[in-house]
Amino acid sequence: MQPLNLPNYLTLSRIASIPLLLLLLSPKLPWVAQQIHALWLIHPGTPELLAAGIVLLGAITDILDGYLARRRHQVTTLGMLLDPLSDKLMIAGAFIALVQYNPSIVPAWIAVLVIAREFLVSGLRSIASSEGFTIEASELGKLKMVVQTVAIIATILHHYWLEMDWFVFKVDVELTARIAMWFMVAISLISAFDYFWGFWTQVSEKAQKSRLNRPVILSRRKRHDMQAQENLQNPGIEQPSSQEP
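The working numbering numbers the first residue of the sequence shown as 209 and each following residue consecutively.
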């Protein structure tokens, strides 16, 4: 078994933070806070800030663990399994929770669309791997992750704030959340089509090469019939015997 390294620990910390994120977005939070004597958790605005912070840290560690694994030559099989798993668990968990937490920004169909897109891309990559080729992350896919993070954070903050001061600017949180969410939906659909097109192109190229390299194998009966037809067409030419040696 391969030992855990720093990139793996960062990935595991992202997975471990998912239950805490779901708790902060849950209507059961006041009851849990009373049970553990942590009433500061339900102070107005605190759950939203903590949940937004978890999502932001998750995005940062997602970038950092991949960078460190490549830079320190610590790419492991465990990391290759856990990294995409942690991303999909956090995204799916966040959107499912937001359907109840802030339904005015995240209706159920958006959550279904986002999760279905993740399943589609994972399925395409799995099939591609079994066929001997890979589907690299596209630029649209990376942009989708950035917009997705902004949309989730803005939606969480909109649960308490309509506007927030950002240095000398006043940010309309609701408008930001809605624009980011719709932009994310559009990019998700476009990037899903982009992944599917890349997959289909690779499959078509592989099938074409397979047909070109496939040897022509004739059965004994087929060879005998072809030779008999040649004898009928050219009766004056002696043909070699079709008997197998």
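In this text, a Cβ means the ideal position worked out from N, Cα and C, and glycines have one as well.
Quiz item: In three-state DSSP terms, what is Leu214?
Solution: Secondary structure at Leu214: helix, using DSSP grouped into helix, strand and coil.
Self-check item: Beta-carbon proximity list for Ser346, same chain, < 8 Å, skipping 5 on both sides
Solution: If we look at Ser346 and ignore the five residues flanking it on each side, its Cβ neighbours are Ser399, Asp402, Tyr403 and Gly406.
Quiz item: Are Val355 and Leu365 close, meaning C-beta to C-beta below 7 Å?
Solution: No, the Cβ-Cβ distance between Val355 and Leu365 is not below 7 Å.
Quiz item: In or out: Ser450 buried (at least 16 other Cβ within 10 Å) or exposed?
Solution: With a pLDDT of 45 at Ser450, under the threshold of 50, the modelled position of that residue is not reliable, and no figure is offered here.
Exercise. Within its chain, find whatever has a CB closer than 7 Å to the CB of Ala260; leave out the 5 residues flanking it on each side and keep chain order.
Key: The residues are Ile361, Ile364 and Leu365.
Practice problem: Figure out for me which residue from Met298, Phe375 and Arg325 has the closest Cα to the Cα of Ser221. | Solution: Between Ser221 and the set Met298, Phe375 and Arg325, the nearest pair of CA atoms involves Met298.
Quiz item: For Val314, which three-state DSSP category applies?
Solution: Per DSSP, reduced to three states, the secondary structure at Val314 is coil, with no helix or strand assignment.
Quiz item: Whole-angstrom Cβ separation of Ala324 and Val307, contact assumed at under 8 Å?
Solution: Your pair Ala324 and Val307 does not check out as a contact, with CB atoms roughly 14 Å apart and the cut at 8 Å.
Practice problem: Can you grab the Cα-Cα spacing for the pair Phe375 / Ser334, in whole Å? | Solution: It is roughly 45 Å from the alpha-carbon of Phe375 to the alpha-carbon of Ser334.
Quiz prompt | Buried versus exposed, by CB contacts within 10 Å (16 or more), Lys378 | solution = Under this definition Lys378 is an exposed residue.
Quiz prompt | Opposing strand residues paired with Lys378 [DSSP bridges] | solution = Residue pairing for Lys378: DSSP places it in a beta bridge opposite Asp373.
Quiz item: Rounded C-beta distance between Thr219 and Ser294? I'm assuming under 8 Å.
Solution: That belief holds up - the Cβ atoms of Thr219 and Ser294 are roughly 5 Å apart, short of 8 Å.
Quiz item: Thinking C-alpha only, which one of Glu371, Ile271 and Met288 is nearest Met353?
Solution: It is Ile271 whose Cα lies nearest to the Cα of Met353.
Quiz item: Excluding sequence positions up to five away, which residues of its chain have a Cβ less than 7 Å from the Cβ of Val240?
Solution: Here Val240 has Leu231 as same chain residues with Cβ atoms under 7 Å from its own Cβ, once five neighbours each way along the sequence are excluded.
Exercise. Have a look at Ser312, Glu371, Leu265 and Trp408 and flag the residue whose alpha-carbon is nearest the alpha-carbon of Thr342.
Key: The option with the nearest alpha carbon to Thr342 is Trp408.
Practice problem: Determine the direct distance from the alpha carbon of Gln282 to that of Val263, and round the result to whole angstroms. | Solution: Distance between Val263 and Gln282, taken at the CA atoms: about 25 Å.
Quiz prompt | Cβ distance (whole Å) where His367 is taken to contact Asn310 below 8 Å | solution = Their Cβ separation, rounded to whole angstroms, is 5 Å, which keeps His367 and Asn310 in contact under 8 Å.
Quiz item: Between Val424 and the rest of its own chain, which residues show a CB-CB distance below 6 Å, the 5 nearest in sequence each way excluded?
Solution: The predicted position of Val424 is uncertain, since its pLDDT is 47 and thus under 50; a value taken from the coordinates is nonetheless stated next. The answer is none, since no qualifying residue turns up.
Quiz item: Where in the segment 247-295 do unbroken runs of the alpha helix (DSSP H), each at least 4 residues long, occur, reported from the N-terminal end onward?
Solution: Listed in chain order, they are 254-279.
Practice problem: Helix, strand or coil for Ile244, going by three-state DSSP, please let me know. | Solution: Note: Ile244 maps to coil in three-state DSSP.
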